[in-house]
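> The structure under discussion is supplied below as structure tokens; questions concerning it will follow.
Residue numbers (my numbering): 54 to 126.
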């Protein structure tokens, strides 16, 4: 086992948590955040896609309901 692994193993829960949070902050600084325009565009695309998929599911649900009722009803 390497020396670094042994020292990490000996650390307490709070020092490991602090190390984790420092590493998270370092990684978040590397992120390229979207501009406001990109964010609005992406959000609009997602909402439109969800509405379309919900409509498709609703149509299939209605059709299968009518079909099952016609067969068994």
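Glycine included, C-beta positions come from ideal geometry on N, C-alpha and C.
(1) Please state the DSSP three-state secondary structure of residue 98.
(2) I'd like the list of long-range same chain contacts for residue 95, defined as Cβ closer than 7 Å, with 5 residues on each side in sequence excluded.
(3) Quick check on DSSP: helix, strand or coil for residue 64?
Put simply:
(1) Translated into positions along the chain shown, residue 98 becomes position 45. Helix at residue 98.
(2) As a working mapping, residue 95 is identified with position 42 in the chain shown. Counting only Cβ-Cβ distances below 7 Å, and skipping sequence neighbours, we find 87.
(3) By 1-based counting over the chain shown, the position of residue 64 is 11. Three-state DSSP puts residue 64 in coil, outside helix and strand.
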